[in-house]
Ligand code: FES
């Protein structure tokens, strides 16, 4: 079964644990989940549209979210 998951955030969540600062992936593209690996940089130019990313990080625009 396949499932499409919508991720609207294009930056990680920053969580402090003791002295450590963790960057948790919120864009859904990290290859090192739950941690951010910088892949969210591919999403910085997204705006008001729906995109599909394949496993190689290639992006396809599916259309406008708010029609
Ligand atoms: S937030 Fe997903 S890779 Fe950075």
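In this note's numbering, the protein residues as written are 65 to 131.
Think of the CB as a built atom: it goes at the ideal place given N, C-alpha and C, for glycine as much as any other residue.
None of the values given here were measured: they were computed from a predicted structure.
Cβ pair residue i, residue j closer than 9 Å
| i | j | result |
| --- | --- | --- |
| residue 101 | residue 111 | no |
| residue 103 | residue 114 | no |
| residue 72 | residue 79 | no |
Reference residue i; option with closest CA among the options
| i | options | result |
| --- | --- | --- |
| residue 109 | 90, 89 and 123 | 123 |
| residue 126 | 65, 70 and 66 | 70 |
| residue 98 | 106, 119, 87 and 81 | 87 |
DSSP beta-bridge partners of residue i
| i | result |
| --- | --- |
| residue 86 | 79 |
| residue 128 | 113 |
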